[in-house]
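Worksheet: the structure to be examined is printed underneath.
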Amino acid sequence: MAHFPLFVQNELREAADGATIDIEDPATGASIATCATAGPQDVASAVEAARSAWPAWRDLGAKKRATILRNAAAELRRRVPELCEVETRQTGRPRREYKAQLGRVPEWFEYHASLAETTEGAAPNFIGDPDHLCVVQRVPLGVCGLITPFNHPLLIASKKLAPCLATGNVAVVKPSELAPGSVLLLGEIFAASGAPPGVVNVLPGGADAATALAAHDDVARVDLTGGTAAGQALGAIAGSRGVSYGAELAGHAPLLVFDDVDLDQAVAGACFAAFLAAGQTCVSAKRIFIHRSIYDAFAAKLAARADQLRVGDPFSPETDVGPLVSAKALAAARAFVDASGAQILAGGSAPCAERGYFFRPTVLAGSVDLPCFREECFAPVVCIAPFDDEADAIAKANASAYALGAGVWTRDVGRAHRVSSQLNAGVTWVNCHHRNGPDAPWGGFGASGVGRENGRDAQDAYTASKTLVVRTADQPEDWFGGDARYG
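Heads up: the sequence shown begins at 2 in our numbering, then just goes up one per residue.
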(Lines of atoms letter the chains of each structure in order from A; the text may use other names.)
(Lines give C-alpha, C1' and ligand atoms only; values in the text may rest on other atoms or scores of the structure.)
Protein backbone atom coordinates (compact mmCIF):
# COMPACT_ATOMS: atom_id res chain seq x y z
CA MET A 2 0.00 0.00 0.00
CA ALA A 3 1.07 3.56 -0.66
CA HIS A 4 1.94 5.91 2.20
CA PHE A 5 1.60 9.70 2.25
CA PRO A 6 3.75 11.59 4.79
CA LEU A 7 3.46 15.26 5.72
CA PHE A 8 5.28 17.85 3.58
CA VAL A 9 7.19 20.55 5.51
CA GLN A 10 10.15 22.67 4.39
CA ASN A 11 10.18 20.84 1.04
CA GLU A 12 10.68 17.53 2.82
CA LEU A 13 8.49 14.52 3.52
CA ARG A 14 8.19 13.67 7.20
CA GLU A 15 6.02 11.62 9.51
CA ALA A 16 3.71 13.09 12.14
CA ALA A 17 5.47 13.92 15.39
CA ASP A 18 3.33 11.42 17.30
CA GLY A 19 3.46 8.83 14.51
CA ALA A 20 -0.28 9.04 13.89
CA THR A 21 -1.63 7.66 10.61
CA ILE A 22 -5.00 6.99 9.05
CA ASP A 23 -6.10 4.54 6.36
CA ILE A 24 -7.25 5.95 3.03
CA GLU A 25 -10.06 3.99 1.41
CA ASP A 26 -11.07 3.49 -2.17
CA PRO A 27 -14.75 4.53 -2.06
CA ALA A 28 -15.54 2.26 -5.01
CA THR A 29 -14.56 -0.86 -3.05
CA GLY A 30 -14.33 0.18 0.60
CA ALA A 31 -10.83 -1.31 0.70
CA SER A 32 -7.86 0.43 2.31
CA ILE A 33 -5.46 1.50 -0.43
CA ALA A 34 -2.98 3.72 1.43
CA THR A 35 -2.02 5.20 4.74
CA CYS A 36 -1.48 8.85 5.51
CA ALA A 37 0.36 10.63 8.28
CA THR A 38 -2.06 12.88 10.17
CA ALA A 39 -0.85 16.13 11.65
CA GLY A 40 -1.41 17.13 15.25
CA PRO A 41 -0.80 20.44 17.05
CA GLN A 42 2.96 19.82 17.26
CA ASP A 43 3.18 19.33 13.50
CA VAL A 44 1.13 22.47 12.93
CA ALA A 45 3.48 24.48 15.13
CA SER A 46 6.49 23.13 13.24
CA ALA A 47 5.01 23.90 9.83
CA VAL A 48 3.91 27.41 10.84
CA GLU A 49 7.41 28.14 12.12
CA ALA A 50 8.88 26.92 8.84
CA ALA A 51 6.50 29.17 6.92
CA ARG A 52 7.14 32.18 9.18
CA SER A 53 10.89 31.83 8.69
CA ALA A 54 10.46 31.59 4.90
CA TRP A 55 8.12 34.55 4.58
CA PRO A 56 10.47 37.57 4.52
CA ALA A 57 12.56 36.23 1.64
CA TRP A 58 9.48 35.14 -0.34
CA ARG A 59 7.76 38.48 0.28
CA ASP A 60 10.84 40.39 -0.86
CA LEU A 61 11.48 38.19 -3.89
CA GLY A 62 9.22 40.38 -5.98
CA ALA A 63 6.16 39.67 -8.07
CA LYS A 64 8.02 38.76 -11.27
CA LYS A 65 10.21 36.11 -9.67
CA ARG A 66 7.29 34.67 -7.72
CA ALA A 67 5.27 34.61 -10.94
CA THR A 68 7.98 32.61 -12.67
CA ILE A 69 7.75 29.94 -9.97
CA LEU A 70 3.96 29.86 -10.22
CA ARG A 71 4.17 29.41 -13.99
CA ASN A 72 6.76 26.65 -13.58
CA ALA A 73 4.36 24.87 -11.23
CA ALA A 74 1.48 25.35 -13.69
CA ALA A 75 3.50 23.76 -16.47
CA GLU A 76 4.41 20.79 -14.29
CA LEU A 77 0.80 20.41 -13.16
CA ARG A 78 -0.35 20.36 -16.77
CA ARG A 79 2.21 17.67 -17.58
CA ARG A 80 1.12 15.52 -14.64
CA VAL A 81 -2.66 15.73 -15.09
CA PRO A 82 -3.03 11.98 -15.85
CA GLU A 83 -1.19 11.05 -12.65
CA LEU A 84 -3.17 13.55 -10.57
CA CYS A 85 -6.46 12.28 -12.05
CA GLU A 86 -5.50 8.75 -11.04
CA VAL A 87 -4.80 9.82 -7.45
CA GLU A 88 -7.97 11.87 -7.04
CA THR A 89 -10.24 9.29 -8.65
CA ARG A 90 -8.83 6.52 -6.48
CA GLN A 91 -9.19 8.53 -3.26
CA THR A 92 -12.52 10.30 -3.82
CA GLY A 93 -14.37 7.95 -6.20
CA ARG A 94 -15.28 10.76 -8.57
CA PRO A 95 -15.27 9.59 -12.21
CA ARG A 96 -11.91 10.02 -13.90
CA ARG A 97 -13.47 11.70 -16.92
CA GLU A 98 -14.75 14.47 -14.62
CA TYR A 99 -11.32 14.96 -13.08
CA LYS A 100 -9.70 14.98 -16.51
CA ALA A 101 -11.85 17.98 -17.40
CA GLN A 102 -11.40 19.72 -14.05
CA LEU A 103 -7.71 19.17 -13.42
CA GLY A 104 -6.83 20.17 -16.95
CA ARG A 105 -7.89 23.69 -16.00
CA VAL A 106 -6.21 23.94 -12.59
CA PRO A 107 -2.93 25.36 -14.02
CA GLU A 108 -4.93 28.38 -15.20
CA TRP A 109 -5.33 29.55 -11.59
CA PHE A 110 -1.58 29.81 -11.09
CA GLU A 111 -1.02 31.44 -14.47
CA TYR A 112 -3.79 33.97 -13.93
CA HIS A 113 -2.70 35.01 -10.45
CA ALA A 114 0.93 35.18 -11.54
CA SER A 115 -0.02 37.65 -14.27
CA LEU A 116 -2.39 39.62 -12.04
CA ALA A 117 0.23 40.04 -9.32
CA GLU A 118 2.83 41.14 -11.87
CA THR A 119 0.57 43.83 -13.28
CA THR A 120 -1.18 45.08 -10.13
CA GLU A 121 -0.53 48.76 -9.52
CA GLY A 122 -0.74 50.88 -6.40
CA ALA A 123 -2.92 53.98 -6.13
CA ALA A 124 -2.40 57.69 -5.55
CA PRO A 125 -5.72 59.04 -4.25
CA ASN A 126 -6.52 62.70 -4.84
CA PHE A 127 -6.59 63.18 -1.05
CA ILE A 128 -9.70 65.37 -1.38
CA GLY A 129 -7.88 67.86 -3.56
CA ASP A 130 -5.16 68.70 -1.02
CA PRO A 131 -2.24 70.08 -3.08
CA ASP A 132 0.21 70.01 -0.17
CA HIS A 133 0.19 66.25 0.45
CA LEU A 134 0.80 63.18 -1.67
CA CYS A 135 -1.07 59.99 -0.77
CA VAL A 136 0.26 56.61 -1.95
CA VAL A 137 -1.55 53.31 -1.30
CA GLN A 138 0.11 49.92 -1.66
CA ARG A 139 -1.18 46.44 -1.01
CA VAL A 140 1.07 44.25 1.10
CA PRO A 141 0.96 40.52 1.94
CA LEU A 142 -0.28 39.30 5.30
CA GLY A 143 2.25 36.58 6.14
CA VAL A 144 1.54 32.95 7.04
CA CYS A 145 -1.84 31.74 5.74
CA GLY A 146 -3.65 28.63 6.98
CA LEU A 147 -5.56 27.04 4.09
CA ILE A 148 -8.09 24.36 5.03
CA THR A 149 -9.50 22.36 2.12
CA PRO A 150 -12.08 19.56 1.64
CA PHE A 151 -12.14 16.14 -0.01
CA ASN A 152 -14.48 16.82 -2.92
CA HIS A 153 -12.22 18.91 -5.20
CA PRO A 154 -8.86 18.41 -3.51
CA LEU A 155 -6.47 19.95 -6.03
CA LEU A 156 -8.80 22.57 -7.48
CA ILE A 157 -9.83 24.11 -4.16
CA ALA A 158 -6.29 24.03 -2.78
CA SER A 159 -5.12 25.79 -5.95
CA LYS A 160 -7.88 28.41 -5.76
CA LYS A 161 -6.48 29.42 -2.38
CA LEU A 162 -2.78 28.80 -2.90
CA ALA A 163 -2.46 30.72 -6.19
CA PRO A 164 -3.47 34.17 -4.87
CA CYS A 165 -1.78 33.46 -1.55
CA LEU A 166 1.63 32.81 -3.09
CA ALA A 167 1.36 35.32 -5.94
CA THR A 168 0.86 38.20 -3.53
CA GLY A 169 3.85 37.28 -1.37
CA ASN A 170 2.34 35.16 1.39
CA VAL A 171 3.40 31.68 2.50
CA ALA A 172 1.09 28.77 3.28
CA VAL A 173 0.33 25.84 5.51
CA VAL A 174 -2.31 23.78 3.69
CA LYS A 175 -4.44 21.28 5.59
CA PRO A 176 -6.18 19.03 3.08
CA SER A 177 -8.79 16.49 4.06
CA GLU A 178 -7.32 13.30 5.43
CA LEU A 179 -9.81 11.43 3.19
CA ALA A 180 -8.07 12.52 -0.02
CA PRO A 181 -4.72 14.20 0.62
CA GLY A 182 -2.65 12.69 -2.19
CA SER A 183 -2.92 15.30 -4.93
CA VAL A 184 -2.38 18.23 -2.54
CA LEU A 185 0.77 16.61 -1.19
CA LEU A 186 1.94 16.18 -4.77
CA LEU A 187 1.21 19.87 -5.32
CA GLY A 188 3.60 20.72 -2.49
CA GLU A 189 6.30 18.60 -4.14
CA ILE A 190 5.58 20.25 -7.50
CA PHE A 191 6.16 23.69 -6.00
CA ALA A 192 9.41 22.58 -4.42
CA ALA A 193 10.59 21.25 -7.80
CA SER A 194 9.45 24.48 -9.46
CA GLY A 195 11.67 26.72 -7.34
CA ALA A 196 9.64 27.51 -4.22
CA PRO A 197 12.07 27.80 -1.27
CA PRO A 198 11.65 25.51 1.75
CA GLY A 199 8.80 26.61 4.00
CA VAL A 200 6.84 28.52 1.37
CA VAL A 201 4.35 25.65 0.79
CA ASN A 202 3.71 23.14 3.57
CA VAL A 203 1.03 20.43 3.46
CA LEU A 204 -0.40 18.80 6.59
CA PRO A 205 -3.19 16.27 6.11
CA GLY A 206 -5.24 16.00 9.26
CA GLY A 207 -8.56 16.26 10.98
CA ALA A 208 -10.41 18.85 13.04
CA ASP A 209 -7.69 19.13 15.68
CA ALA A 210 -5.14 20.17 13.06
CA ALA A 211 -7.54 22.73 11.59
CA THR A 212 -8.23 24.16 15.03
CA ALA A 213 -4.53 24.36 15.88
CA LEU A 214 -3.84 26.11 12.58
CA ALA A 215 -6.61 28.69 13.07
CA ALA A 216 -5.51 29.34 16.65
CA HIS A 217 -1.78 29.76 15.99
CA ASP A 218 -0.55 33.25 16.83
CA ASP A 219 1.66 33.42 13.73
CA VAL A 220 -1.13 32.62 11.25
CA ALA A 221 -2.30 35.91 9.72
CA ARG A 222 -5.15 34.56 7.57
CA VAL A 223 -7.42 31.53 7.83
CA ASP A 224 -9.16 30.42 4.63
CA LEU A 225 -11.55 27.49 4.75
CA THR A 226 -13.74 25.49 2.40
CA GLY A 227 -15.94 23.08 4.32
CA GLY A 228 -19.16 22.66 6.26
CA THR A 229 -21.00 25.53 7.91
CA ALA A 230 -20.45 24.24 11.44
CA ALA A 231 -16.69 23.97 10.89
CA GLY A 232 -16.63 27.40 9.29
CA GLN A 233 -18.41 28.98 12.22
CA ALA A 234 -16.09 27.30 14.74
CA LEU A 235 -12.90 28.29 12.95
CA GLY A 236 -14.29 31.74 12.16
CA ALA A 237 -14.87 32.30 15.86
CA ILE A 238 -11.24 31.41 16.54
CA ALA A 239 -9.95 33.69 13.78
CA GLY A 240 -12.28 36.47 14.91
CA SER A 241 -11.09 36.21 18.51
CA ARG A 242 -7.56 36.75 17.22
CA GLY A 243 -8.56 39.58 14.88
CA VAL A 244 -7.03 38.03 11.77
CA SER A 245 -8.20 37.87 8.17
CA TYR A 246 -10.77 35.14 7.52
CA GLY A 247 -12.46 33.69 4.43
CA ALA A 248 -14.87 30.78 4.21
CA GLU A 249 -16.70 28.99 1.41
CA LEU A 250 -19.20 26.82 3.22
CA ALA A 251 -22.28 24.70 2.56
CA GLY A 252 -24.86 25.38 -0.09
CA HIS A 253 -28.38 24.30 -1.00
CA ALA A 254 -28.56 25.62 -4.52
CA PRO A 255 -31.94 26.30 -6.14
CA LEU A 256 -32.55 25.81 -9.85
CA LEU A 257 -35.55 27.52 -11.46
CA VAL A 258 -37.03 26.07 -14.65
CA PHE A 259 -39.47 28.29 -16.55
CA ASP A 260 -42.13 27.17 -19.00
CA ASP A 261 -40.36 28.44 -22.14
CA VAL A 262 -37.47 25.97 -22.03
CA ASP A 263 -36.73 23.02 -24.26
CA LEU A 264 -37.65 20.25 -21.83
CA ASP A 265 -34.99 17.78 -22.88
CA GLN A 266 -32.22 20.38 -22.73
CA ALA A 267 -33.37 21.63 -19.34
CA VAL A 268 -33.59 18.08 -17.94
CA ALA A 269 -30.06 17.37 -19.19
CA GLY A 270 -28.89 20.59 -17.57
CA ALA A 271 -30.62 19.76 -14.29
CA CYS A 272 -28.98 16.32 -14.20
CA PHE A 273 -25.56 17.90 -14.73
CA ALA A 274 -26.30 20.50 -12.05
CA ALA A 275 -27.52 17.93 -9.53
CA PHE A 276 -25.50 14.76 -10.10
CA LEU A 277 -22.01 15.87 -11.14
CA ALA A 278 -19.47 14.57 -8.59
CA ALA A 279 -22.29 12.43 -7.12
CA GLY A 280 -23.83 15.64 -5.80
CA GLN A 281 -20.83 16.22 -3.53
CA THR A 282 -20.20 19.84 -4.36
CA CYS A 283 -21.49 22.92 -2.56
CA VAL A 284 -23.17 24.41 -5.65
CA SER A 285 -24.94 21.23 -6.75
CA ALA A 286 -28.59 21.89 -7.56
CA LYS A 287 -30.43 20.49 -4.56
CA ARG A 288 -33.80 22.25 -4.92
CA ILE A 289 -35.36 22.35 -8.40
CA PHE A 290 -38.44 24.52 -8.79
CA ILE A 291 -40.42 24.06 -12.01
CA HIS A 292 -43.21 26.16 -13.51
CA ARG A 293 -46.47 24.45 -12.66
CA SER A 294 -47.56 24.22 -16.32
CA ILE A 295 -44.63 21.93 -17.17
CA TYR A 296 -44.06 20.37 -13.74
CA ASP A 297 -45.50 16.91 -14.44
CA ALA A 298 -43.72 16.53 -17.79
CA PHE A 299 -40.42 17.79 -16.42
CA ALA A 300 -40.62 15.61 -13.30
CA ALA A 301 -41.27 12.49 -15.39
CA LYS A 302 -38.37 13.20 -17.73
CA LEU A 303 -36.00 14.06 -14.85
CA ALA A 304 -36.86 10.87 -12.98
CA ALA A 305 -36.41 8.76 -16.11
CA ARG A 306 -33.06 10.39 -16.88
CA ALA A 307 -31.86 9.93 -13.28
CA ASP A 308 -32.73 6.23 -13.45
CA GLN A 309 -30.76 5.91 -16.70
CA LEU A 310 -27.53 7.34 -15.27
CA ARG A 311 -24.88 4.65 -14.95
CA VAL A 312 -23.54 4.22 -11.41
CA GLY A 313 -20.30 2.28 -11.14
CA ASP A 314 -16.54 2.06 -11.48
CA PRO A 315 -15.17 5.63 -11.52
CA PHE A 316 -12.35 4.56 -13.84
CA SER A 317 -14.73 3.34 -16.51
CA PRO A 318 -15.51 5.85 -19.29
CA GLU A 319 -19.06 4.46 -19.27
CA THR A 320 -19.73 5.62 -15.69
CA ASP A 321 -21.87 8.69 -15.06
CA VAL A 322 -21.92 8.70 -11.25
CA GLY A 323 -19.28 7.29 -8.92
CA PRO A 324 -19.54 6.43 -5.22
CA LEU A 325 -19.84 8.72 -2.24
CA VAL A 326 -16.59 9.37 -0.44
CA SER A 327 -17.11 7.22 2.66
CA ALA A 328 -19.35 4.84 4.56
CA LYS A 329 -20.34 7.77 6.78
CA ALA A 330 -21.45 9.79 3.75
CA LEU A 331 -23.45 6.84 2.42
CA ALA A 332 -25.21 6.33 5.74
CA ALA A 333 -26.04 10.04 5.92
CA ALA A 334 -27.55 10.00 2.42
CA ARG A 335 -29.72 6.99 3.22
CA ALA A 336 -30.91 8.56 6.46
CA PHE A 337 -31.68 11.85 4.69
CA VAL A 338 -33.87 10.18 2.07
CA ASP A 339 -35.62 7.93 4.59
CA ALA A 340 -36.46 10.93 6.79
CA SER A 341 -37.40 13.24 3.93
CA GLY A 342 -41.12 12.52 3.96
CA ALA A 343 -41.08 13.10 0.21
CA GLN A 344 -42.30 11.02 -2.70
CA ILE A 345 -39.42 9.14 -4.32
CA LEU A 346 -39.60 9.53 -8.09
CA ALA A 347 -36.21 7.95 -8.82
CA GLY A 348 -33.47 6.23 -6.85
CA GLY A 349 -33.95 5.92 -3.10
CA SER A 350 -32.01 4.62 -0.15
CA ALA A 351 -31.88 0.92 -1.09
CA PRO A 352 -28.33 -0.42 -1.61
CA CYS A 353 -27.27 -0.42 -5.25
CA ALA A 354 -23.93 -2.25 -5.01
CA GLU A 355 -22.49 -5.16 -3.08
CA ARG A 356 -19.44 -3.17 -2.08
CA GLY A 357 -18.32 0.43 -2.15
CA TYR A 358 -20.28 3.53 -1.18
CA PHE A 359 -22.59 3.86 -4.18
CA PHE A 360 -25.89 5.73 -4.01
CA ARG A 361 -28.34 5.95 -6.89
CA PRO A 362 -29.26 9.40 -8.25
CA THR A 363 -32.43 10.24 -6.38
CA VAL A 364 -35.32 12.60 -7.16
CA LEU A 365 -37.66 13.55 -4.32
CA ALA A 366 -40.93 15.45 -4.75
CA GLY A 367 -43.17 17.14 -2.23
CA SER A 368 -44.01 20.26 -0.29
CA VAL A 369 -41.34 22.90 0.23
CA ASP A 370 -42.09 22.60 3.96
CA LEU A 371 -40.38 19.19 4.04
CA PRO A 372 -36.97 18.96 5.77
CA CYS A 373 -35.25 18.01 2.51
CA PHE A 374 -35.95 21.52 1.18
CA ARG A 375 -34.22 23.10 4.18
CA GLU A 376 -31.02 21.09 4.67
CA GLU A 377 -28.31 20.01 2.23
CA CYS A 378 -27.66 16.37 1.44
CA PHE A 379 -24.11 15.90 0.17
CA ALA A 380 -25.11 13.16 -2.25
CA PRO A 381 -26.86 12.74 -5.62
CA VAL A 382 -30.21 13.73 -4.15
CA VAL A 383 -32.46 16.48 -5.51
CA CYS A 384 -35.85 17.77 -4.33
CA ILE A 385 -38.41 19.18 -6.77
CA ALA A 386 -41.56 21.28 -6.41
CA PRO A 387 -43.70 23.51 -8.64
CA PHE A 388 -43.95 27.32 -8.68
CA ASP A 389 -46.64 29.60 -10.11
CA ASP A 390 -44.88 32.76 -11.33
CA GLU A 391 -41.58 34.66 -11.10
CA ALA A 392 -42.32 36.06 -7.66
CA ASP A 393 -43.21 32.61 -6.32
CA ALA A 394 -40.08 31.08 -7.86
CA ILE A 395 -37.82 33.73 -6.35
CA ALA A 396 -39.46 33.42 -2.93
CA LYS A 397 -39.03 29.65 -2.92
CA ALA A 398 -35.42 29.89 -4.11
CA ASN A 399 -34.51 32.45 -1.45
CA ALA A 400 -36.19 30.56 1.41
CA SER A 401 -32.88 29.14 2.61
CA ALA A 402 -30.10 30.07 5.01
CA TYR A 403 -27.63 29.12 2.29
CA ALA A 404 -26.74 31.46 -0.57
CA LEU A 405 -23.84 30.15 -2.61
CA GLY A 406 -25.00 29.02 -6.06
CA ALA A 407 -28.22 29.18 -8.08
CA GLY A 408 -29.44 28.35 -11.58
CA VAL A 409 -32.08 29.70 -13.95
CA TRP A 410 -33.35 27.98 -17.08
CA THR A 411 -35.27 30.19 -19.51
CA ARG A 412 -35.11 31.41 -23.11
CA ASP A 413 -36.32 34.88 -22.09
CA VAL A 414 -33.30 37.19 -21.74
CA GLY A 415 -35.20 39.81 -19.79
CA ARG A 416 -36.54 37.21 -17.37
CA ALA A 417 -33.06 35.76 -16.92
CA HIS A 418 -31.73 39.14 -15.79
CA ARG A 419 -34.78 40.04 -13.69
CA VAL A 420 -34.80 36.77 -11.80
CA SER A 421 -31.04 36.42 -11.40
CA SER A 422 -30.75 39.89 -9.91
CA GLN A 423 -33.21 38.95 -7.18
CA LEU A 424 -31.73 35.58 -6.25
CA ASN A 425 -29.79 35.46 -3.01
CA ALA A 426 -26.67 33.74 -4.35
CA GLY A 427 -23.03 34.59 -4.85
CA VAL A 428 -22.91 32.77 -8.20
CA THR A 429 -25.87 32.38 -10.57
CA TRP A 430 -25.85 30.42 -13.81
CA VAL A 431 -28.35 30.87 -16.65
CA ASN A 432 -28.90 27.81 -18.88
CA CYS A 433 -25.71 26.24 -17.53
CA HIS A 434 -24.15 25.21 -14.20
CA HIS A 435 -20.81 24.53 -12.48
CA ARG A 436 -18.93 26.89 -14.84
CA ASN A 437 -16.13 28.91 -13.27
CA GLY A 438 -12.73 30.37 -14.02
CA PRO A 439 -9.85 31.97 -12.12
CA ASP A 440 -11.07 35.48 -13.00
CA ALA A 441 -14.71 35.00 -11.87
CA PRO A 442 -15.32 35.72 -8.16
CA TRP A 443 -16.77 32.80 -6.20
CA GLY A 444 -18.40 32.83 -2.78
CA GLY A 445 -21.67 33.08 -0.90
CA PHE A 446 -23.70 34.89 1.72
CA GLY A 447 -25.20 33.92 5.06
CA ALA A 448 -24.58 30.33 6.11
CA SER A 449 -22.65 29.79 2.86
CA GLY A 450 -19.69 31.80 4.05
CA VAL A 451 -17.83 35.08 3.80
CA GLY A 452 -15.34 36.48 1.28
CA ARG A 453 -14.60 35.55 -2.30
CA GLU A 454 -12.20 33.30 -4.18
CA ASN A 455 -10.92 34.05 -7.70
CA GLY A 456 -10.23 37.31 -9.46
CA ARG A 457 -8.88 40.50 -7.92
CA ASP A 458 -11.14 39.88 -4.93
CA ALA A 459 -8.96 36.91 -3.98
CA GLN A 460 -5.71 38.86 -4.16
CA ASP A 461 -7.28 41.66 -2.11
CA ALA A 462 -8.23 39.07 0.52
CA TYR A 463 -4.60 37.95 0.85
CA THR A 464 -3.28 41.51 1.13
CA ALA A 465 -3.93 44.64 3.16
CA SER A 466 -3.82 48.24 2.04
CA LYS A 467 -0.98 50.38 3.38
CA THR A 468 -1.28 54.16 3.10
CA LEU A 469 1.61 56.64 2.97
CA VAL A 470 1.00 60.40 3.22
CA VAL A 471 3.89 62.77 2.34
CA ARG A 472 3.76 66.54 2.90
CA THR A 473 5.11 68.25 -0.20
CA ALA A 474 4.65 71.94 0.68
CA ASP A 475 7.83 73.99 1.06
CA GLN A 476 6.54 76.51 3.60
CA PRO A 477 6.88 75.66 7.32
CA GLU A 478 3.92 74.37 9.29
CA ASP A 479 3.46 75.03 13.01
CA TRP A 480 -0.05 74.26 14.13
CA PHE A 481 0.52 75.57 17.66
CA GLY A 482 2.85 78.42 16.81
CA GLY A 483 2.37 82.13 16.00
CA ASP A 484 -1.11 83.16 14.89
CA ALA A 485 -2.04 79.71 13.52
CA ARG A 486 -4.31 79.04 16.50
CA TYR A 487 -6.51 82.00 15.53
CA GLY A 488 -6.90 80.95 11.87
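Cβ atoms here follow ideal geometry from the backbone N, Cα and C, with glycine treated the same way. Note that the structure is predicted; figures quoted are calculated from it, not measured.
Which stretch, first to last residue, makes up the alpha helix (DSSP H) that contains residue i?
| i | result |
| --- | --- |
| Arg79 | 63-79 |
| Ile190 | 182-193 |
| Gln233 | 229-242 |
| Gly456 | 456-462 |
| Val44 | 41-60 |
| Gln281 | That residue, Gln281, is in no alpha helix (DSSP H); it is neither H nor E in DSSP. |
| Thr120 | Neither: Thr120 is in no alpha helix (DSSP H) and is coded neither H nor E. |
| Thr212 | 208-216 |
Opposite residue i in the DSSP bridges: which residues?
| i | result |
| --- | --- |
| Pro255 | Arg288 |
| Phe5 | Cys36 |
| Pro387 | Ile291 |
| Lys329 | Answer is none; Lys329 lacks a bridge partner. |
| His133 | Arg472 |
| Arg14 | Leu7 |
| Ile24 | Ala34 |
| Phe446 | Ala404 |
| Tyr99 | In the DSSP output, where bridge partners are listed per residue, Tyr99 has none listed. |
| Val223 | Gly146, Tyr246 |
| Val200 | In DSSP, Val200 forms no bridge with anything. |
| Ser466 | Arg139 |
| Ser177 | Gly206 |
| Val87 | In the DSSP output, where bridge partners are listed per residue, Val87 has none listed. |
| Val322 | Val312 |
| Val382 | Thr363 |
Go through its chain and collect everything with a Cβ distance to residue i's Cβ below 6 Å, but skip five positions before and after it.
| i | result |
| --- | --- |
| Gly228 | Ala251 |
| Phe259 | His292, Thr411 |
| Gln10 | Ala50, Pro198, Gly199 |
| Arg356 | Thr29, Gly30 |
| Leu469 | Val136 |
| Ser350 | Arg335, Val338, Asp339 |
| Tyr246 | Val223, Gly236, Ala239 |
| Asp308 | Ala347 |
| Leu134 | Val471, Thr473 |
| Val451 | Ala248 |
| Lys161 | Leu147, Asp224 |
One question on the structure: do residue i and residue j come within less than 7 Å of each other, judged by their Cβ atoms?
| i | j | result |
| --- | --- | --- |
| Val181 | Pro150 | First, the residue type needs correcting, since residue 181 is Pro and not Val in the sequence shown. No. |
| Gly408 | Ala274 | yes |
| Ser194 | Glu76 | yes |
| Leu264 | Lys302 | yes |
| Val428 | His217 | no |
| Ala254 | Ala286 | yes |
| Phe191 | Val203 | no |
| Pro125 | Gly323 | no |
| Ala448 | Ala402 | yes |
| Leu147 | Val106 | no |
| Ala404 | Gly445 | yes |
| Ala459 | Pro176 | no |
| Phe276 | Pro362 | yes |
| Ala73 | Phe110 | yes |
| Ile24 | Gln91 | yes |
| Leu256 | Ile295 | no |
| Glu178 | Ile33 | no |
| Gln344 | Ala366 | yes |
| Glu118 | Lys64 | yes |
| Gln281 | Asn425 | no |
| Lys467 | Val173 | no |
Using a Cβ-Cβ cutoff of less than 7 Å, which residues in the same chain neighbour residue i once the five nearest sequence positions on both sides are dropped?
| i | result |
| --- | --- |
| Asp440 | Tyr112, Asn455, Gly456 |
| Leu331 | Leu325, Tyr358, Phe360 |
| Arg97 | Pro318 |
| Ala221 | Leu142, Gly143, Val144, Cys145, Val244, Ser245 |
Give the range of the beta strand (DSSP E) segment to which residue i is assigned.
| i | result |
| --- | --- |
| Gly146 | 144-148 |
| Thr168 | Element bounds for Thr168: n/a, residue is neither H nor E. |
| Leu365 | 363-366 |
| Thr29 | First-last for Thr29: undefined, no H or E at that position. |
| Val414 | That residue, Val414, is in no beta strand (DSSP E); its alpha helix (DSSP H) goes 414-423. |
| Thr429 | 428-431 |
| Leu346 | 344-347 |
Could you pull out every residue in the same chain whose Cβ sits closer than 8 Å to the Cβ of residue i, ignoring the five residues on either side in sequence?
| i | result |
| --- | --- |
| Asp209 | Gly40, Pro41 |
At the 7 Å Cβ level, is residue i part of the contact set with chain D, yes or no?
| i | result |
| --- | --- |
| Ala426 | The chain inventory of the structure shown lacks chain D, comprising one protein chain alone. |
Using 8 Å as the Cβ pair cut-off and three pairs as the minimum, do the segment 21-29 and the segment 308-325 touch? yes
Under 8 Å, with one C-beta from each stretch per pair, do the segment 68-86 and the segment 2-18 reach the 3-pair mark? no
Can at least three beta-carbon pairs, one atom from the segment 396-403 and one from the segment 374-388, be found at a separation below 8 Å? yes
### Query
Hey, is the segment 208-222 in contact with the segment 338-349, meaning 3+ C-beta pairs nearer than 8 Å?
no
- request: Determine contact between the segment 270-278 and the segment 431-446, defined as no fewer than three beta-carbon pairs at a distance below 8 Å.
  value: yes
The segment 461-475 contacting the segment 164-173, beta-carbon criterion three pairs below 8 Å:
Result yes; three or more Cβ-Cβ pairs closer than 8 Å.
| said: Check whether the segment 11-26 and the segment 36-43 touch, using three or more Cβ-Cβ pairs below 8 Å as the test. | reply: yes
### Message
Using 8 Å as the cut-off, can you tell me whether the segment 82-90 makes contact with the segment 178-195, which would need three or more C-beta pairs spanning the two stretches below that distance?
### Response
yes
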